[in-house]
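Student:
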Amino acid sequence: MNIAYATQYGNQVIGDTLEVLQRYEDNSIDLVMTSPPFALLRVKEYGNEDQVNYVRWLSKFAKLVHRKLKPTGSFIIDLGGAYKRGLPVRSLYNFRIPIEFCDRLGFYLAEDFYWYNPSKLPSPIEWVNKRKIRVKDAVNNVWWFSKTPYPKADVTKVLAPYSERMKKLLENPEAYYSPKERPSGHNISSNFNNNGGAIPPNLLQIPNSESNSNYLANCKKAGLRGHPARYPQKLPEFFIKYLTDKDDLVVDIFGGSNTTGFTAEQLKRNWVSIELDPSYAAISSFRFLPKGMSERDLLNVYYSILSGKKVEIMDFLSNDRHVPSVTKKFVVQRLKDMQSLPTLDKSQQLVLENLEKAESVLA
Ligand SMILES: C[S@@+](CC[C@H](N)C(=O)[O-])C[C@H]1O[C@@H](n2cnc3c(N)ncnc32)[C@H](O)[C@@H]1O
809 MNIAYATQYG NQVIGDTLEV LQRYEDNSID LVMTSPPFAL LRVKEYGNED
859 QVNYVRWLSK FAKLVHRKLK PTGSFIIDLG GAYKRGLPVR SLYNFRIPIE
909 FCDRLGFYLA EDFYWYNPSK LPSPIEWVNK RKIRVKDAVN NVWWFSKTPY
959 PKADVTKVLA PYSERMKKLL ENPEAYYSPK ERPSGHNISS NFNNNGGAIP
1009 PNLLQIPNSE SNSNYLANCK KAGLRGHPAR YPQKLPEFFI KYLTDKDDLV
1059 VDIFGGSNTT GFTAEQLKRN WVSIELDPSY AAISSFRFLP KGMSERDLLN
1109 VYYSILSGKK VEIMDFLSND RHVPSVTKKF VVQRLKDMQS LPTLDKSQQL
1159 VLENLEKAES VLA
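To get the working numbering, take the position in the sequence shown, counting from 1, and add 808.
(1) Count the other CB atoms within 10 Å of the CB of Asp-1105; is the residue buried (16 or more) or exposed (fewer)?
(2) Could you pull out every residue in the same chain whose Cβ sits closer than 6 Å to the Cβ of Lys-1099, ignoring the five residues on either side in sequence?
(3) Going by C-alpha distance, which of Leu-1149, Lys-1029 and Thr-1052 is nearest Phe-1094?
(4) Using three-state DSSP, classify Phe-1096 as helix, strand or coil.
(5) Within the region 988-1046, note down every full alpha helix (DSSP H) run reaching 4 residues or more, in order along the chain.
(6) Looking only at its chain, what residues have a beta carbon closer than 6 Å to the beta carbon of Gly-1069, apart from the 5 residues adjacent to it on each side?
(7) Strictly by DSSP, which residues pair up with Leu-1057?
(8) In chain order, what residues of the same chain lie with their CB nearer than 8 Å to the CB of Asn-948, ignoring the 5 residues before and after it?
(9) Identify which residue in Asn-1001, Asn-835 and Tyr-891 has its Cα closest to the Cα of Ser-954.
(10) Just to confirm, does His-874 get its C-beta within under 7 Å of one of the non-hydrogen atoms of ligand 1?
(11) Would you check if the region 932-945 and the region 909-922 touch, i.e. whether three or more CB-CB distances between them fall below 8 Å?
(12) Rounded to whole angstroms, how far is the Cβ of Thr-1052 from the Cβ of Val-1058, which I believe are closer than 8 Å?
(13) If you run the structure through DSSP and keep just helix, strand and coil, what is Ile-885?
(14) Using the rule of at least 16 other Cβ atoms within 10 Å of the residue's Cβ for burial, across every protein chain shown, is Ile-905 buried or exposed?
(15) Beta-carbon within less than 6 Å of Leu-839's beta-carbon, same chain only, minus the 5 sequence neighbours each way: which residues are those?
(16) Can you tell me whether DSSP reads Arg-939 as helix, strand or coil?
(17) For Met-1101, does the count of other Cβ atoms within 10 angstroms reach 16, so buried, or fall short, so exposed?
(18) Alpha carbon to alpha carbon, what distance is there between Pro-879 and Gly-855?
(19) List the DSSP bridge partners of Val-821.
(20) Counting C-beta neighbours from all protein chains within 10 Å, is the total for Pro-1009 16 or more, i.e. buried, or is it exposed?
(21) What residue range is occupied by the uninterrupted alpha helix (DSSP H) comprising Ala-983?
(22) Is the separation between the beta-carbon of Ala-918 and that of Ala-968 shorter than 8 Å?
(23) Residues bridged to Ile-837 by DSSP?
(24) Report the option in Ser-1092, Leu-1152, Asp-1085 and Gly-1063 whose CA atom is closest to the CA atom of Thr-842.
(25) Tell me the DSSP bridge mates of Asp-920?
(26) Does DSSP put Met-832 in a helix, in a strand, or in coil?
(27) Give the straight-line distance between the Cα atoms of Lys-852 and Gly-1031, rounded to the nearest whole angstrom.
(28) Are the Cβ atoms of Thr-1071 and Tyr-1039 separated by less than 8 Å?
(29) Beta-carbon separation of Glu-1083 and Ile-811 under 8 Å?
(30) Determine, using beta carbons only, whether Val-863 and Tyr-901 come nearer to each other than 8 Å.
(31) By DSSP, does Ala-968 sit in helix, in strand, or in coil?
(32) What does the Cβ neighbour count give for Lys-975, buried or exposed, with the cut at 16 atoms within 10 Å?
(33) With a threshold of 8 Å between beta-carbons, can Asn-835 be considered close to chain D, or not?
(34) Does the beta-carbon of Val-1119 have 16 or more other beta-carbons within 10 angstroms, so that it is buried, or is it exposed?
If you want it as structure tokens, here you go:
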């Protein structure tokens, strides 16, 4: 297995999830938390399957996930909606996913969540900004699938802060509430317990406006472009806290910049992140590296990974050791090895391209 880097709790793997995930034991994963490449009309730089094939394509991954999840496990998929090409009407692809997964793959839809991103820019420009006939699309579907009707879940770990009104009510119920029957027939008494917070709704309001992270700071310093479609840390944080315990295994099958693994690490969950593009996988190590690192060290980590060396992040941080410099000789040798292969799969082709880049950059 091609491991890009390892931390105290996890591994970033480079490869195609359909191959990599096969190697994990069946019934071994507590949570798969992910955001696949969306079936958007404008083809993103990291590639999208067209909408017709999308459900079929994603089902291949879901089938495998079903096998690898523990019976108590959960599968969370963040999916953005899309318009049909050239028309102000929506594609139904994101609704076909739960129907397909539940009817054909044996999943249960434990709950449908909606992620509202208040910082989302208006789009598509034609229907929203120019013609002004549609509103800003700022909500993603976040489907929570489970293998059984009773996946592990504890809502007390993700309680939302009480509103100011509720806090006052808890302090002095008599002054703020008189028991009466509601129109629904519910009879609410004045016995309020302080449970430490309110039960959160299935609408998660989380801005996607990260600007201050080690990831972005280190990308900037190294002169490398970060991943274009990251989700905010608060999204995986909610589900990891809610659906797993310390030392459980969390997997992201479309790792990207490894927001999931980084969040799992902070919450002391074991994690595996799988990413097809070696460059995205290598840059995701920057999340775990301090802001004060030099450009040279950052690039050394990056090119070490691209050259096929596994970087031990914890060793590096705890011993304050320099990453061994990747020598041009090493890169040239790896290039020769790869060029001599009769065929290259998609992932190997990306490695080859990045090695060529490394060869031209390294002195
Ligand atoms: C929407 S991005 C994930 C972003 C991630 N949630 C984050 O916060 O950075 C989807 C990622 O899936 C990767 N990908 C696509 N097909 C893959 C496959 N077969 N195996 C592994 N990764 C894949 C893409 O390269 C892309 O980086």
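Cβ atoms here follow ideal geometry from the backbone N, Cα and C, with glycine treated the same way.
Tutor: With the given structure in hand:
(1) The count along the sequence shown starts at 1 and reaches residue 1105 at position 297. Label assigned to Asp-1105: buried.
(2) For the purposes of this step, residue 1099 is taken as residue 291 along the sequence shown, with counting starting at 1. Same-chain partners within the cutoff: Asn-1022 and Ala-1025.
(3) Locating residue 1094 in the sequence shown gives position 286, counting from the first residue. Here the closest residue by C-alpha is Lys-1029.
(4) Walking along the sequence shown from the start, residue 1096 turns up at place 288. The answer is helix: DSSP assigns Phe-1096 an H, G or I state.
(5) 1022-1030
(6) Taking the sequence shown and counting its residues from 1, one reaches residue 1069 at position 261. Excluding residues within five positions, the ones whose Cβ falls inside 6 Å are Gly-818, Trp-1079 and Ser-1081.
(7) Position 249 of the sequence shown, counted from the start, is the residue given in the question as residue 1057. DSSP lists Asn-1078 as partners of Leu-1057.
(8) In the sequence shown, the residue the question calls residue 948 occupies position 140. Closer than 8 Å at Cβ, skipping near neighbours: Asp-886, Leu-887, Gly-888, Gly-889, Tyr-922, Trp-923 and Asn-925.
(9) What you label residue 954 is simply residue 146 of the sequence shown in a count that begins at 1. It is Asn-835.
(10) What you label residue 874 is simply residue 66 of the sequence shown in a count that begins at 1. Checking every heavy atom of ligand 1 against the Cβ of His-874, none is found closer than 7 Å.
(11) no
(12) Indexing the sequence shown from 1 puts residue 1052 at position 244. Indexing the sequence shown from 1 puts residue 1058 at position 250. At roughly 6 Å, the Cβ-Cβ gap stays under 8 Å, so Thr-1052 and Val-1058 are in contact.
(13) Here residue 885 is taken as the residue at index 77 of the sequence shown, counted from 1. Ile-885 falls in the strand class under three-state DSSP.
(14) Here residue 905 refers to the residue found at position 97 when the sequence shown is read from its first residue. Ile-905 is buried by the Cβ-count criterion.
(15) Here residue 839 refers to the residue found at position 31 when the sequence shown is read from its first residue. For Leu-839, where only same-chain residues beyond five positions count, the Cβ hits under 6 Å are Ser-882, Leu-1051, Thr-1052 and Val-1058.
(16) Translated into the one-based positions of the sequence shown, residue 939 becomes position 131. Arg-939: coil per DSSP, three-state reduction.
(17) Taking the first residue of the sequence shown as 1, we reach residue 1101 at position 293. Answer is buried; the Cβ neighbour count reaches 16.
(18) If you number the sequence shown from 1, residue 855 lands on position 47. If you number the sequence shown from 1, residue 879 lands on position 71. Its pLDDT being 49, under 50, Gly-855 is placed unreliably by the model, and nothing is read from it.
(19) By 1-based counting over the sequence shown, the position of residue 821 is 13. Answer is Ile-811 and Ile-1082.
(20) The residue labelled residue 1009 in the question sits at position 201 within the sequence shown. With fewer than 16 other Cβ atoms within 10 Å, it is exposed.
(21) Taking the first residue of the sequence shown as position 1, residue 983 is located at position 175. Unbroken alpha helix (DSSP H) run through Ala-983: 981-984.
(22) Against the sequence shown, residue 918 aligns to sequence position 110. Against the sequence shown, residue 968 aligns to sequence position 160. No, these two residues do not count as a Cβ contact at 8 Å.
(23) The count along the sequence shown starts at 1 and reaches residue 837 at position 29. Answer is Leu-877, bridged to Ile-837.
(24) Position 34 of the sequence shown, counted from the first residue, corresponds to residue 842. Closest option to Thr-842, Cα to Cα, is Gly-1063.
(25) For the purposes of this step, residue 920 is identified with residue 112 of the sequence shown, where counting begins at 1. Partner(s): Trp-951.
(26) Locating residue 832 in the sequence shown gives position 24, counting from the first residue. Note that residue 832 corresponds to Tyr in the displayed sequence, not to Met. It is coil, neither helix nor strand.
(27) Residue mapping note: residue 852 aligns to position 44 of the sequence shown, counting from 1. Residue mapping note: residue 1031 aligns to position 223 of the sequence shown, counting from 1. For Lys-852, the predicted structure reports a pLDDT of 49, less than 50, and the residue's modelled location is therefore unreliable. A value from the coordinates is still provided. One C-alpha to the other measures close to 21 Å.
(28) In the sequence shown, the residue the question calls residue 1071 occupies position 263. In the sequence shown, the residue the question calls residue 1039 occupies position 231. No, they are not a contact pair.
(29) Reading the sequence shown from its first residue, position 275 is the one you call residue 1083. Reading the sequence shown from its first residue, position 3 is the one you call residue 811. Not in contact: Glu-1083 and Ile-811 (Cβ atoms no closer than 8 Å).
(30) Within the sequence shown, numbered from 1, the residue matching residue 863 stands at position 55. Within the sequence shown, numbered from 1, the residue matching residue 901 stands at position 93. Contact: yes.
(31) Position 160 of the sequence shown, counting from 1, holds the residue named residue 968. Three-state DSSP puts Ala-968 in a strand.
(32) As a first step, residue 975 is located in the sequence shown; it is residue number 167 there, counting from the start. Classification of Lys-975: exposed, given that the 10 Å Cβ count is below 16.
(33) Among the chains of the structure shown, chain D does not appear; only one protein chain is present.
(34) Indexing the sequence shown from 1 puts residue 1119 at position 311. Classification for Val-1119: buried.
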